[in-house]
Every structure is written in C-alpha cells, then in structure tokens.
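Take a look at the structure set out below.
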Amino acid sequence: MKVYTKEIKVRTHERFELIDITDPVEEAVRESGVRNGIALVFATHATAAVIANEHEQGLIEDIKNKVAEFTEPGSSKWRHNMIDDNAHAHIGSALFGQERIFPVVNGRLVRGVWQNIFLLEMDGPRHERRVIVTVLGE
Amino acid sequence: MKVYTKEIKVRTHERFELIDITDPVEEAVRESGVRNGIALVFATHATAAVIANEHEQGLIEDIKNKVAEFTEPGSSKWRHNMIDDNAHAHIGSALFGQERIFPVVNGRLVRGVWQNIFLLEMDGPRHERRVIVTVLGE
Amino acid sequence: MKVYTKEIKVRTHERFELIDITDPVEEAVRESGVRNGIALVFATHATAAVIANEHEQGLIEDIKNKVAEFTEPGSSKWRHNMIDDNAHAHIGSALFGQERIFPVVNGRLVRGVWQNIFLLEMDGPRHERRVIVTVLGE
C-alpha cells in the first residue's frame, strides 16, 4: 500500500475566481506511483471550495455568477459580516465542499473529458491558497 | 490491501432524471472482497452528479424540481449556452459534486435506511452515462 | 495498511442545528494509529449533512438561515410533504452531501484553522444521529 501527499500552492487575484489545478493534481498522481486507488483533492480553507467541471471561459463566468447570486456577498442579513465581510464565502465553502475525490486506475487519475479540477476562490485575492492532494492505493 | 474498480453504465431518458444505482454499487462492494474500507461512487461527467437519498417518487420529483429551479435551464444569462445549451447542467454538476463516498464495514456498504444512491442526470437523455465504483480496503 | 471505524452518536435539539463534531473525529484519527491516509466522516441519514467551516455563532446562524431559505421547509410545492413534512431536509441532505473527507498526515487530521467539522441537522430534534468515521491508511 502506498500513501502519497503533495501540497499545491495557488495565488488568487479576484474575489471570485476559478483556478485550474488539473495539471499539478495529475502530476501528484504520477509521482505517487499508485496504480489503483483514489486521489483526494482538499483545500485547507473555509472560504474556498474544490470543484470539477469544463474549462470553458463562458462557463467559468456562469459558475462564478451563480455562486455569487446564491451566497449574496455583502448582504446585511449575514451576521458573520459584522466580524469579517466574507460570510458569503464561508457559506459557499461549507455547502459546496472543500474537496473532491477521483478514482485512480492504471496509474492515471480517472476523469471525464470535461472534468477539469478547479480551486473555487470566493474570498480573494489571496497570496496563498493551499490544496492537499492525497493519493492512496497500491 | 485490496482495490477493486467496476464500471456501471446507465442509460437516461429525461433531461432531469434520478436513476437508482444502489444495487450495482452494492454488488461491486460484494465482488471486491473488501471487508473494511471505503467505496467511492464517481460519475465521469460534467453535466451529471451522484447523490444519496430516499427512493420515494414524490421526493424524486422534488429534487429534480429544486435542481432545475436552482440551475435555471435555458436562461439567457448563462454564457455557456451560446456554445451548448446546457450551462445549467454544468453548474449543478460542479456544485453538487460528481461523487459520493461510503464506509464499508464487515463486507457491506454502510448507508442509512433512506440513503439510496442515485445518478442525477441534468442533461439527458443520454445513451450512456458511466459511473466508476472504487472499493478500497482490507 | 490500517482501517479503523468509529461511530459517533449525536443528539439534536432544533429543527436546523450545527453540531460541532471536530473533537470526536480527531479522537478517532488518534485512536486509529494511522500515520498517513484519509478520514471519511459520514452521516447515515437522508435529512442531515456533514460540512466543514468556522465555528462562529453568527456564521452558524447564517448557514442555518441559508439552508432554510434554499430548501423551503413546509412549502406546499414539495410532494414529499404529503408523506412526511420534511422534504426540505431530504433536498438539503441530497445536494449538500452526507460526508466530508480529510487527509491524514503524520497522525493528524489535516484541516485549516477555520475548518471545524459539523453535523448539519435539518430535521431535528432527533434523539440519535449516527456519524461513521472511517480512517484508512498506513
């Protein structure tokens, strides 16, 4: 059995942003030497999420717009905004999830043609966001 | 340590549809020979999701209606609809997630009485949807 | 390879409630003896969810309010409410997910400073909610 952990560091530039991390995640799977198992992609944050979808610029805008519409940044109804003006980002992170998991088969991360992996920033810009990739298998 | 991977193929018939895949997932767990570990249920698609809930016909309609209300099929505000008329399905797939994971204890997938496993189709009908089950443990 | 499973039992007191289960989850990781791997936190219910976020009282209220606004308890549009008045809780549980997964590195569950782990009750009060923690690794 093998367990391989790698940390990916990402800088973000906008309040809402989707950063494609497919390449470093797949690199971690290759480095792990795992032939069959799983790969966990986990952001150590409470105001960001990890999602998988198509890397198409229009869709990236659509997802950011939907997330903003749903989470309502700056709304006076959020009590947490009295402490820190980012309740919307906490809510999105909590409900959409900070991790996604993929099968690993024959040494490769399994994903569909349109499943790129993204860090979903909801409270940027941030100097450094951390994503942990844990590859586990044989 | 054992890792067992199985592919489930599903045909869908409606734009929004919930297809119960509990039986083939549990079959994969039995075939794996894994006594204790986890089972990952992963759809290789960017316009579908995997969820777990009660198999009750009224609730199935409710979930489909909520997903449609949230994702707004055909809306002119989605830029991706200029390329392909399915932005709503991408958004739902990205935010609800393409996978669910279950414990395996004493050779059986652990789930509550009301936790059936479903493929959530949001861009059907499709000739073939693929779900990968990875069972990992000892 | 090690697989360790622990059951956490939680009593809930409100219809919508966030119960912090970080301590017993971290205890399970310590008890497991796993140095590197993953920890799955899974609720065996179809009207509750597991999420991770900051334990701040204002934010807890915000998340409960957002979940209620999104799921619309008591709405006459939910067909499942003709059987059992909790369609909203099923919908939230299905879409937000009943599990979260964390890396385990050097014997410790990896989480950010603001990532506490919560059971999200949406159909309380309940005498007993069950959360299964499966720690898997080496």
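Protein chains in written order, with numbering that gives the first Met the number 0: chain A, 0 to 137; chain B, 0 to 137; chain C, 0 to 137. No residue lacks a Cβ here, since even glycine has one placed at the ideal position from N, Cα and C.
CB contact check: residue 98(B) to chain A, cutoff 8 Å: The Cβ of residue 98(B) sits closer than 8 Å to at least one Cβ of chain A.
message: Taking the alpha helix (DSSP H) that residue 57(B) belongs to, which residues open and close that run?
response: 56-70
- prompt: Is it the case that the Cβ atoms of residue 38(A) and residue 49(A) are separated by a distance below 8 Å?
  reply: no
Per DSSP, cross-strand counterpart(s) of residue 17(A): 119(A)
query: With C-beta atoms as the reference, is residue 52(B) less than 8 Å away from residue 95(B)?
result: no
- request: Assign residue 124(A) to buried or exposed, taking buried as 16 or more other Cβ atoms, counted over all protein chains shown, within 10 Å of its Cβ.
  value: exposed
- request: Could you tell me whether the stretch 104-114 of chain B touches the stretch 15-29 of chain B, using the rule of 3 or more Cβ pairs below 8 Å?
  value: Contact between the stretch 104-114 of chain B and the stretch 15-29 of chain B is present: 3 or more CB-CB pairs across the two stretches fall below 8 Å.
message: For the structure I just gave you, are there three or more beta carbon pairs, one from the stretch 56-69 of chain A and one from the stretch 76-93 of chain B, closer than 8 Å?
response: yes
query: For residue 20(B), which residues from the same chain have a beta carbon less than 7 Å from its beta carbon, with the 5 sequence-adjacent residues on both sides left out?
result: 7, 9, 116, 117, 118, 130
- prompt: Taking 8 Å as the CB-CB limit, is residue 79(C) close to chain B?
  reply: For residue 79(C), the nearest beta carbon of chain B is closer than 8 Å to its own beta carbon.
Amino acids of chain C, ordered along the chain, whose beta-carbon sits closer than 7 Å to that of residue 0(A): 0, 137
query: How should residue 122(B) be labelled, buried or exposed, when 16 other C-beta atoms within 10 angstroms of its C-beta is the threshold for buried?
result: So residue 122(B) ends up on the buried side.
- request: Pick out whichever of 92(A), 46(A), 5(A) has its Cα sitting closest to the Cα of residue 132(A).
  value: Checked all of 92(A), 46(A), 5(A); the closest Cα to residue 132(A) is 5(A).
message: Considering Cα atoms alone, identify which of 135(A), 55(A), 134(A), 120(A) is closest to residue 12(A).
response: Looking at the Cα atoms, 120(A) is the closest of the given residues.
message: On the CB-based measure, 16 or more other CB atoms within 10 Å of its CB, does residue 92(C) come out buried or exposed?
response: buried
task: With a threshold of 16 other CB atoms inside 10 Å of the CB of residue 98(C), please say whether the residue is buried or exposed.
output: buried
message: Does residue 32(A) pass the burial test, meaning 16 or more other C-beta atoms within 10 Å, or should it be called exposed?
response: exposed
- prompt: Taking the Cβ atom as the reference point for each residue, do residue 34(B) and residue 127(B) lie within a distance shorter than 8 Å?
  reply: no
query: Just how far apart, CA to CA, sit residue 114(C) and residue 17(C)?
result: Answer to the nearest angstrom: the Cα atoms are 13 Å apart.
- prompt: With 16 other CB atoms within 10 Å as the buried threshold, where does residue 73(A) fall?
  reply: exposed
field: C-beta neighbour in chain A for residue 31(B), strict 8 Å
entry: no
Min CB distance residue 131(B) to chain A below 8 Å: yes
- prompt: Any Cβ of chain B within less than 8 Å of the Cβ of residue 43(C)?
  reply: Closer than 8 Å to some Cβ of chain B, the Cβ of residue 43(C) qualifies, so yes.
- prompt: So residue 88(B) is in the alpha helix (DSSP H); what residue range does that whole segment cover?
  reply: 86-95
message: Taking the beta carbon of residue 112(C) as the centre, do at least 16 other beta carbons fall within 10 Å, making it buried, or is it exposed?
response: exposed
query: Between which two residues does the beta strand (DSSP E) harbouring residue 43(B) extend?
result: Here residue 43(B) belongs to no beta strand (DSSP E), and DSSP marks it neither H nor E.
message: The beta strand (DSSP E) that contains residue 99(B), what's its start and end?
response: 98-104
- request: With 8 Å as the threshold, decide whether the Cβ of residue 102(B) is near any Cβ in chain D.
  value: The structure shown contains no chain D; the protein chains it does contain are A, B and C.
query: Helix or strand or just coil, what does DSSP make of residue 52(A)?
result: strand
message: Per DSSP, what are the beta-bridge partners of residue 7(B) in this structure?
response: 130(B)
message: Taking 7 Å as the limit between beta carbons, can you name the residues of its chain near residue 45(C), skipping five residues before and five after?
response: 89, 92
field: 6 Å CB neighbourhood of residue 3(B) in its chain, flanking five on each side removed
entry: 31, 134
message: Using the three-state DSSP reduction, which class does residue 110(C) fall into: helix, strand or coil?
response: coil
field: Close Cβ partners of residue 71(B) (< 8 Å) along its chain, the five nearest in sequence each way excluded
entry: So the list reads 77, 87, once near-sequence residues are dropped.
message: Please confirm whether residue 93(C) has its beta-carbon closer than 8 Å to some beta-carbon of chain B.
response: Chain B has a Cβ within less than 8 Å of the Cβ of residue 93(C).
- prompt: Taking 8 Å as the CB-CB cut-off, is residue 67(A) touching chain B?
  reply: no
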